[in-house]
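One structure below.
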Amino acid sequence: MNDNQRNRILQNIDSLVDFTDFKTLCDACYRNNLLSYTMIQNIHHVEPENSLADTFDEDTIKRERHKRLFVKITKRGPEAFEMLCRILLDLKYIDALKKLHDDDKGMISISSSKKTGTATSGNTEINHVNVANNNIDDRDGTISRQFSRCDSDDITLHQYADTIQPKKDVNVLKAKRILKHNSIDTYSMESKNNRGVFFMVNIVDFPAEERRSGADEDTHSLLSLFKQLDFKLYAYKNLTQKKFFALLDELLSSDEIRDTECFVMALMTHGQMSDGVQWIYFHDGSVVKVEEIEKRFYHENCTQLVGKPKIFIYPYCRGEISDKGVNVVSKTQTEGVGTTRRAINNIAQLSDVIKCYATTAGFVAHRDVENGSWYIQSFVDIMAAHAYNTSFEEMLKIIQAGISKLRTNNNELQTASYVNIGFNKILYFNPGIYAN
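Numbering (my numbering), first residue to last: 127 to 562.
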């Protein structure tokens, strides 16, 4: 939201508290993806330094929390003001809505009745809403945006054929021979025409979340990298959840997946960790558990990728904590489980997978608004320089080491990580060399 909209909320915050119910508004903000579960929990939490619990009575504490709710909304991106208006309208908090628009009567009006298109509060009758060209359409309960929702029938599964123009040159060094490990099995990466499939989705614009400025640079960098690695490219921007799953399902059942030696998926969007569950956002504002995406790759659902290396690149935030470099010592204990050797006649639901994370659980990931994200740019640089003679997991460790040395202007850092799920062979990309 702009400064004028932000000031309207802050200057009228006492009235907004008086005219709304805290719990009802929290629930509505969560349902409409204006606030995440973790954000609402943080609003409930009384910070020790405020000492509210020791200084004020219960009513004062409740009012302070209610104010925090509105303060948080002022920080929720360019669409947050319009989304708040829509929520207040749905909840019939007309007095609160009028407070936000008292000085803007000629520009903004409201409709709270789906049947009549009018709303009445006292002696005031107010009609439609039009806020900064972002129309609130009460007929279908949705908000129309200036950006395309990208959920039309003309978005089909097709290989990327547009121009690739990374700001920084990406030059992948070529291998001199096909590499094999001396003592560990190696994934086959020898084909010229079926070396790999790269599926990338970059969500840049959202109804309520802030725009991911700089994310387009990550798109071009990754496309340049995987094109030089001889992967077939499938790249999409600003997909709705429905369209994402439709394209993914179609791709996983295609001949390209049947014939490929390797599969890489990059999901670049906003993320949020809640109660240990990772969620990601789509262009239409919907959220989904990452687990629901990964289920598509279970062996019973995706037989064409059984035994093949699968890499998931997740450069999104995994929480809201800024890493200041606090040292934490953790102790782990593992219970002993009896095992017996027997003939193997089954396999795990998910295997041959590496998940590449820009950060660790609970923490934010950093992105330069001009040059792209720390993780993706480092990923591309290291892969281009070392894929010719270095295994993938070794490169991930180099990437992690490099990112650990970066700092923001506020001295915040980032710790990249990866998870190996039955990725029991060595993966060499062997760029520029083929067996057939």
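We put the beta carbon where it would ideally sit given N, CA and C, even for glycine.
The structure presented is a predicted model; accordingly, all values stated were derived computationally and were not measured.
Contact set for Ser309: own chain, Cβ-Cβ below 8 Å, skip 5 residues either direction: none
Contact under 8 Å by Cβ, Ile213 with Cys155: yes
I need the straight-line Cα distance from Ala474 to Val432, nearest angstrom please. 10 Å
Quick check on Val403: buried or exposed, where buried means 16 or more other Cβ atoms within 10 Å of its Cβ? exposed
Which residues bound the beta strand (DSSP E) around Ile439? 436 to 440
What number of angstroms, rounded off, separates the C-alpha of Lys218 from the C-alpha of Lys353? 53 Å
Look at the alpha carbon of Ser400 and the alpha carbon of Asp507, and state the distance between them as a whole number of angstroms. 32 Å
For Asp185 and Arg134, I'd like the C-alpha separation in whole angstroms. 24 Å
Same chain, Cβ closer than 7 Å to Leu359, neighbours up to 5 away in sequence not counted: Gln285, Tyr286, Phe324, Leu349, Phe352, Lys353
Using 10 angstroms around the beta-carbon of Leu553, count the other beta-carbons present and answer buried if the total reaches 16, otherwise exposed. buried
Collapsed DSSP secondary structure at Val143 in the structure displayed: helix
Can you find the residues in the same chain that come closer than 6 Å, C-beta to C-beta, to Ser412, ignoring five residues on each side of it along the sequence? Gln367
Report buried or exposed for Gln526, applying the criterion of at least 16 other Cβ atoms within 10 angstroms of its Cβ. buried
Range of the contiguous alpha helix (DSSP H) that encloses Asn546: No alpha helix (DSSP H) holds Asn546; the beta strand (DSSP E) holding it covers 543 to 547.
Can Ala510 and Met521 be called in contact, C-beta distance under 8 Å? no
Does DSSP classify Met315 as helix, strand or coil? coil
Inter-residue Cα distance where the pair is Pro149 and Lys300: Note that residue 149 is Lys in the sequence shown, not Pro. Those two C-alpha atoms are separated by around 59 Å.
Can you tell me whether Ala561 is buried or exposed? The criterion is at least 16 other CB atoms within 10 Å of its CB, across all chains shown. exposed
Per DSSP, cross-strand counterpart(s) of Ala399: Note on identity: in this sequence residue 399 is Met, with Ala being the wrong assignment. In DSSP, Met399 forms a bridge with Gln404.
Taking the CB atoms as reference points, tell me whether Glu382 and Lys434 lie closer together than 8 Å. no
Taking C-beta to C-beta, are Asp221 and Phe332 nearer than 8 Å? no
Residues that Lys523 bridges to, as DSSP identifies them: DSSP output for Lys523 lists no bridge partner at all.
On a CA-only basis, which of His396, Gly322, Leu215, Ile502 is nearest Leu574? Give me that one, please. The chain is shown from 127 up to 562; residue 574 falls before or after that span and cannot be answered.
Relative to the C-alpha of Lys293, which candidate in Ile304, Gln430, Asp342, Asn328 has its C-alpha closest? Asp342
Which of helix, strand or coil does DSSP assign to Ser270? Residue confidence is low: Ser270 scores 30 on pLDDT, short of 50, so the model does not pin down where it sits. No coordinate-derived value is stated.
Can you tell me which residues form a DSSP beta bridge with Val323? Lys358, Phe389
Leu136 classed as buried or exposed, judged by whether at least 16 other C-beta atoms fall within 10 angstroms: exposed
Proximity to Gln131 [Cα-Cα], best of Lys201, Gly397, Ser517: Lys201
Inter-residue Cα distance where the pair is Val408 and Asn364: A quick correction: the sequence has Phe, not Val, at residue 408. Spanning the two alpha carbons is a distance of roughly 7 Å.
In or out: Lys302 buried (at least 16 other Cβ within 10 Å) or exposed? exposed
Taking all protein chains shown into account, do 16 or more other C-beta atoms lie within 10 angstroms of the C-beta of Val416, making it buried, or fewer, making it exposed? buried
For the candidate residues Glu190, Arg191, Glu519, whose alpha-carbon lies nearest to that of Tyr313? Glu519
Cross-strand partners of Met394 (DSSP beta bridge): Asn328
Along the alpha helix (DSSP H) that carries Lys149, what are the first and last residues, could you check? 148 to 157
Would DSSP call Lys481 helix, strand or coil? strand
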